[in-house]
Amino acid sequence: MRDLTDEARRLLSGGHPAHLATLMPDGSPHSVPVWVGLDGDRAWEIIDRMADAYVGMPYAPRTDRVVYAIEPEHVRVVVIG
Numbered sequence: 367m368r369d370l371t372d373e374a375r376r377l378l379s380g381g382h383p384a385h386l387a388t389l390m391p392d393g394s395p396h397s398v399p400v401w402v403g404l405d406g407d408r409a410w411e412i413i414d415r416m417a418d419a420y421v422g423m424p425y426a427p428r429t430d431r432v433v434y435a436i437e438p439e440h441v442r443v444v445v446i447g
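Shown next as structure tokens:
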């Protein structure tokens with residue numbers, strides 16, 4: 367992963383809600399609400415595995431993930447990988 371900017375680090379460290387986007391078996395997009403955080407240089411997400419929104423997650427054979435975090439000031443960060 368490339369070095370995170372200070373702004374990206376602040377967003378990922380703040381425990382903000384985000385969307386984790388994956389692909390369904392038919393190739394259609396699937397977005398799941400998550401909470402994101404930062405541990406050193408590693409981004410992580412927390413997801414409710416019992417939620418209906420989780421249903422598409424097992425079908426994502428690739429490791430590429432896109433997390434889109436947003437906060438009230440409408441600042442965003444996109445993490446790929």
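For the sequence shown, position 62 matches number 428 in our numbering, and the numbering has no gaps at all. The C-beta atom is built at its ideal place from N, Cα and C for all residues, glycine as well.
Proximity of residue i and residue j at Cβ, strictly below 8 Å
i	j	result
Gly403	Gly381	yes
Ala384	Glu411	yes
Expected contact under 8 Å - CB spacing of residue i and residue j to nearest Å
i	j	result
Ser397	Ala387	5 Å
Cα-Cα separation, residue i to residue j
i	j	result
Asp414	Leu377	21 Å
Gly409	Asp369	According to the sequence as given, residue 409 is Ala; it is not Gly. The straight-line gap from Cα to Cα measures roughly 12 Å.
Thr371	Ser379	12 Å
Met390	Trp401	21 Å
Pro399	Asp392	21 Å
Residue i, DSSP secondary structure in three states
i	result
Asp414	coil
Alpha helix (DSSP H) runs contained entirely in the stretch 368–403, provided each spans 4 or more residues
372–379
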